[in-house]
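Under our numbering, the sequence shown has 437 at position 195, and the numbering climbs by one with no breaks.
Structure first, then comments.
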Amino acid sequence: MRATIDGIVLRGRALEGNRVLTILTAEKGLITAFANRANTVRSGLAASTEVLSYSRFVLFSHRGRTVADKADANRIFFGIRQDFGKLCLASYFAQLSAELLTTDEPAPEPLRLLLNALHYLEDGSRDQRLLKGLYELRLLTLTGFMPDLVGCRFCSEYESAEMYFFPREGDIVCGECFRENSPTGGLNLSAGVLAAMRHIIYSPPERLFSFTLGGSALDELVRVSEQYLLSKAERSFSALDLYKNSC
């Protein structure tokens, strides 16, 4: 029995002329599928099964495997592929999604997040640093690692002149409680960055990209979001290293 489903390719591995794909879909989360002869010169599946291709796949089961019998590209993101820095950042987004999401669990919001991030990355209307920090924090939120930014860990203060974020614990502490309790590992947060982080993790999908941040505040968001991601993932990411080297 064949099924038709839209998804974006996060990974592609060559296997004897074939291609083993990791595909992010709204209905089933991550899917592993075999695209027969996709790595051959004459294959009609080559472009639609490349990493970052958003395609409509026709899938069927064969001997315990999911096979991509046909694939038609919905969007290839040519503008990303033609810019090495953008391609590195997009590959990082794909690697994060492949590592943090799961199979057989619907993922409409993560798919929407990735497609929107790639759209803004391609057209250049959003700063790459903003997209990186936003993607990290929002994906963590969607995968069960939402930080608690409602109020201070000790006194529940929503906002004070000084606020500190703790990547290991994923919460915030006001300046007064910070001096009284001396918790370790805190990062000083400016009011603008705290507001941006709250927007990223709490806003509805349709408003997610509707904010701006610039200058040193944007650099601060990048630093804080990355430290939080690495603290929760407890591992490094090769695509992140490549992106940093490309900047």
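Glycine is no exception: its CB is placed at the ideal position from the N, C-alpha and C atoms.
Note that the structure is a prediction, hence the values are computed from the model and not measured.
- Within the same chain, and ignoring the five residues on either side of D346 in sequence, the residues whose Cβ sits closer than 7 Å to its Cβ are K270, G271.
- Y485 and R323 have their C-alpha atoms roughly 14 Å apart.
- Per DSSP, A403 is not a residue of any beta strand (DSSP E), being assigned neither H nor E.
- By the Cβ test, the region 311-326 is not in contact with the region 471-479, since fewer than three Cβ pairs between them sit closer than 8 Å.
- Counting only runs that start and end inside the region 252-332, the alpha helix (DSSP H) elements of at least 4 residues fall at 320-323.
- The beta carbons of L331 and A245 sit no closer together than 8 Å.
- By the 16-neighbour rule on beta-carbons within 10 angstroms, L338 is buried.
- The beta carbon of A459 sits closer than 8 Å to those of S432, G434, V435, A438, all from its chain and outside the five residues before and after it, given in chain order.
- Annotation: M405 to R317 spans about 42 Å, alpha carbon to alpha carbon.
- For L360, the closest alpha carbon among the candidates A349, Y377, P348, V309 is that of Y377.
- Per DSSP, L372 is not a residue of any beta strand (DSSP E); the alpha helix (DSSP H) it occupies stretches across 370-384.
- Closest in alpha carbon position to L363, among R354, L373, I442, is L373.
- Residue environment analysis places P352 among the buried positions, since at least 16 neighbouring C-beta atoms fall within 10 angstroms of its C-beta.
- With a minimum length of 3 residues, the unbroken runs of beta strand (DSSP E) contained wholly in the region 405-463 fall at 405-408, 413-416, 429-431.
- The region 410-422 makes no contact with the region 442-455: fewer than 3 CB pairs, one atom from each, lie closer than 8 Å.
- In terms of CA proximity to R465, N430 leads the group N430, I442, P446, P348.
- Put simply, the backbone Cα of V293 is about 37 Å away from that of G428.
- A residue is called buried once 16 or more other Cβ atoms fall within 10 Å of its Cβ, and C416 is buried on that count.
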